[in-house]
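Participant:
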Amino acid sequence: MYLKNLHLRSFRNYSEQQVDFTAQKTILVGNNAQGKSNLLEAVELLATLKSHRVTRDRELVLDGTNLSKIEATVERAYGTSELGLILRKQGRRTVELNHETLRRQVDFLGVLNAVQFSSLDLDLVRGAPESRRNWLDSLVTQLEPIYAHILQEYEQVLRQRNALLKKIVQREEQPSLTTSSADLKQLQLWDEQLAAAGSRVTRRRARVLARLTPIAQQWHHCISGTTEILKINYAPNVTWTEDEPDKVQQAFLTKLEQRRIVEQNQGKTIVGPHRDEIEFTINQTPARYYGSQGQQRTLVLALKLAELKLIEEVVGEPPLLLLDDVLAELDPNRQNQLLEVIGGQRGVDGKINGFQTLITTTHIGSFNHQWIEDAQIVTVEAGK
Ligand code: ATP
Ligand code: MG
1 MYLKNLHLRS FRNYSEQQVD FTAQKTILVG NNAQGKSNLL EAVELLATLK SHRVTRDREL
61 VLDGTNLSKI EATVERAYGT SELGLILRKQ GRRTVELNHE TLRRQVDFLG VLNAVQFSSL
121 DLDLVRGAPE SRRNWLDSLV TQLEPIYAHI LQEYEQVLRQ RNALLKKIVQ REEQPSLTTS
181 SADLKQLQLW DEQLAAAGSR VTRRRARVLA RLTPIAQQWH HCISGTTEIL KINYAPNVTW
241 TEDEPDKVQQ AFLTKLEQRR IVEQNQGKTI VGPHRDEIEF TINQTPARYY GSQGQQRTLV
301 LALKLAELKL IEEVVGEPPL LLLDDVLAEL DPNRQNQLLE VIGGQRGVDG KINGFQTLIT
361 TTHIGSFNHQ WIEDAQIVTV EAGK
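Using UniProt numbering, read the sequence shown as starting at 1 and increasing by one per residue.
Have a look at this one:
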């Protein structure tokens with residue numbers, strides 16, 4: 001796939017800007033705080049409808065305005081599509097495909113695919129479990145856009161069930177009130193919905209990780225050049241033995257039953273995929289706590305390359321690669337490996353393909369000449 005152009009209106013520090021991408025590699029050069037990452041963020045939003053930097057749209061809209069619009073032309077093997085995303089300071093988003101407003105987000109997702117790799121990604125290894133869940137969710141969404149809907153459904157049930165549990169706790173703290181049987185009945189209804197939605201989330205996460213793992217292991221082996229063994233272990237909060245939808249759901253309900261008293265004391269849901277963990281180990285030691293900086297970087301790079309390959313495999317076309325400030329952090333050897341992948345000279349499966357890549361940097365001088373060769377160089381200054 002190819003991102004042909006991007007048009008930003010009142011987005012972050014951009015008033016109005018059109019960018020035409022004319023090469024496989026585009027290098028965005030500029031001093032700090034000029035708008036390089038903002039531009040990548042706009043592309044990330046079109047690909048995933050999420051930004052890894054913020055959760056609320058109000059921060060994305062240019063100060064002093066109420067509405068942003070991001071538009072892009074994407075060329076795919078099946079034809080050209082026009083994407084439009086309207087973000088508001090207040091109120092809901094609008095998504096457009098070929099200038100028509102869509103009712104469902106799932107029809108927007110999947111037109112553009114992108115893998116983002118930024119210095120923040122070390123959090124993927126070092127950070128809290130939530131960073132790993134968000135990373136995996138974003139990957140699953142790109143592979144199976146319907147997952148965005150499944151996840152939303154789960155989060156909604158979770159919120160409502162938590163509100164009820166909180167109400168039950170408050171009642172118990174006031175001796176004059178007792179928990180009504182209506183509340184308990186309601187809780188049981190939420191249990192069933194939580195188990196149904198939660199098991200859909202969990203099973204999809206497991207499936208995608210199982211596909212990603214061997215590719216990541218191959219890359220890890222390739223980049224580290226050692227015999228270190230990478231393992232990726234999905235540790236779902238609810239475990240199951242047989243991967244049948246109703247078996248997983250049953251396991252969920254059983255665990256809810258076991259934890260009912262604790263949940264009713266704590267006033268929140270402690271069972272479900274919002275408590276899942278994804279563990280990375282290198283030679284059987286957890287990379288999160290014991291990995292050296294270099295090992296953690298190698299791991300993240302292997303994961304990102306595996307994401308690229310997996311998306312390409314599933315979607316049938318190479319996704320975009322967004323590199324935000326990471327090159328300077330990679331040693332020359334890893335830089336070259338990445339360059340070969342981008343240029344299509346290297347792949348774990350030996351297949352020749354390249355990835356359209358947008359790269360940000362403050363110093364173009366820090367790149368070796370191979371990076372700049374054939375690249376389009378765009379200077380970013382104060383939102384222009
Ligand atoms: P660095 O090299 O430091 O990473 P950058 O070029 O990537 O810099 P960005 O993160 O893209 O910088 O842009 C940051 C600039 O955008 C800051 O000056 C910030 O104040 C501005 N900015 C962010 N959000 C908004 C907004 N909603 N309205 C106006 N300006 C904004
Ligand atoms: Mg930046």
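For glycine and all other residues, C-beta sits at the position ideal for the given N, C-alpha and C. This structure is a prediction, so every number in the text was calculated from the model and none was measured.
Taking three-plus beta-carbon pairs below 8 Å as touching, is the segment 22–35 in contact with the segment 369–379?
Facilitator: yes
Participant: Hey, out of A251, R275 and A235, whose CA is closest to E130's CA?
Facilitator: For the purposes of this step, residue 130 is taken as the residue at position 130 of the sequence shown. With distances taken between Cα atoms, E130 lies closest to R275.
Participant: If we ignore side chains and look at the alpha-carbon of each, how far apart do R342 and A182 end up?
Facilitator: Within the sequence shown, residue 342 is the residue found at index 342, counting from 1. Within the sequence shown, residue 182 is the residue found at index 182, counting from 1. In the sequence under discussion, the amino acid at residue 342 is Ile, which differs from the Arg named in the question. The straight-line gap from Cα to Cα measures roughly 59 Å.
Participant: Does the beta-carbon of T360, which I'm using as the reference point, lie nearer than 7 Å to any heavy atom of the ligand MG?
Facilitator: For the purposes of this step, residue 360 is identified with residue 360 of the sequence shown, where counting begins at 1. Yes - the ligand MG has a heavy atom lying nearer than 7 Å to the Cβ of T360.
Participant: Taking E59 as the reference, which of L83, Y234 and K89 has the closest Cα?
Facilitator: Position 59 of the sequence shown holds residue 59. Of the candidates L83, Y234 and K89, the one whose C-alpha sits nearest the C-alpha of E59 is K89.
Participant: Along the beta strand (DSSP E) that carries T281, what are the first and last residues, could you check?
Facilitator: Against the sequence shown, residue 281 aligns to sequence position 281. Counting along the chain, the beta strand (DSSP E) containing T281 begins and ends at E277 to I282.
Participant: In this structure, how does DSSP classify E57 when only helix, strand and coil are distinguished?
Facilitator: Start at 1 with the first residue of the sequence shown, and residue 57 comes out as number 57. Glu is not the amino acid found at residue 57; the sequence shown has Asp there. Of the three classes helix, strand and coil, the one that applies to D57 here is helix, per DSSP.
Participant: Quick check: what's the CA-CA separation for A42 versus I168?
Facilitator: Indexing the sequence shown from 1 puts residue 42 at position 42. Indexing the sequence shown from 1 puts residue 168 at position 168. Rounded to the nearest angstrom, the two C-alpha atoms are 43 Å apart.
Participant: Give me the DSSP bridge partner(s) of T227.
Facilitator: In the sequence shown, residue 227 corresponds to position 227, counting from 1. According to DSSP, which records beta bridges pairwise, T227 is partnered with nothing at all.
Participant: For the ligand MG, any of its heavy atoms closer than 7 Å to the Cβ of K384?
Facilitator: Position 384 of the sequence shown, counted from the start, is the residue given in the question as residue 384. No, the ligand MG has no heavy atom inside 7 Å of this Cβ.
Participant: Assign V326 to one of two classes, buried (16 or more other C-beta atoms within 10 Å of its C-beta) or exposed (fewer than that).
Facilitator: Your numbering for residue 326 matches position 326 in the sequence shown. Classification of V326: buried, given that the 10 Å Cβ count is 16 or more.
Participant: Determine which residues share a DSSP beta bridge with G267 and list them.
Facilitator: Counting from 1 along the sequence shown, the entry for residue 267 is found at position 267. DSSP output for G267 lists no bridge partner at all.
Participant: Using a Cβ-Cβ cutoff of less than 8 Å, which residues in the same chain neighbour H99 once the five nearest sequence positions on both sides are dropped?
Facilitator: Reading the sequence shown from its first residue, position 99 is the one you call residue 99. Result list for H99: E82 and G84, in chain order.
Participant: In whole angstroms, give me the CA-to-CA distance for R103 and I261.
Facilitator: Position 103 of the sequence shown, counted from the first residue, corresponds to residue 103. Position 261 of the sequence shown, counted from the first residue, corresponds to residue 261. Rounded to whole angstroms, R103 and I261 show a C-alpha spacing of 41 Å.
Participant: What did DSSP end up calling P236 once you bin it into helix, strand or coil?
Facilitator: Sequence index remark: in the sequence shown, residue 236 carries index 236 (1-based). Three-state result, P236: coil.
Participant: Quick one: Cα of D20 to Cα of I359, how far?
Facilitator: Taking the sequence shown and counting its residues from 1, the one referred to as residue 20 is at position 20. Taking the sequence shown and counting its residues from 1, the one referred to as residue 359 is at position 359. Computed Cα separation, rounded: 15 Å.
Participant: With DSSP as the reference, label H7 as helix, strand or coil.
Facilitator: Numbered from its first residue, the sequence shown carries residue 7 at position 7. Strand, per DSSP.
Participant: Just to confirm, is the Cβ distance from L164 to Q186 under 8 Å?
Facilitator: If you number the sequence shown from 1, residue 164 lands on position 164. If you number the sequence shown from 1, residue 186 lands on position 186. Yes, they are a contact pair.
Participant: Ignore the nearest five residues each way along the sequence and tell me which others in E96's own chain have a CB closer than 6 Å to its CB.
Facilitator: Walking along the sequence shown from the start, residue 96 turns up at place 96. Contacts found: G84.
Participant: Should the segment 298–306 be regarded as contacting the segment 219–228, the criterion being three or more beta carbon pairs within less than 8 Å?
Facilitator: With a cut-off of 8 Å, the segment 219–228 and the segment 298–306 count as touching, because enough Cβ pairs lie within range.
Participant: Cβ of L37 within 7 Å of any heavy atom in the ligand MG?
Facilitator: Walking along the sequence shown from the start, residue 37 turns up at place 37. The displayed chain sequence assigns Ser, not Leu, to residue 37. Because some heavy atom of the ligand MG lies under 7 Å away, the Cβ of S37 counts as near it: yes.
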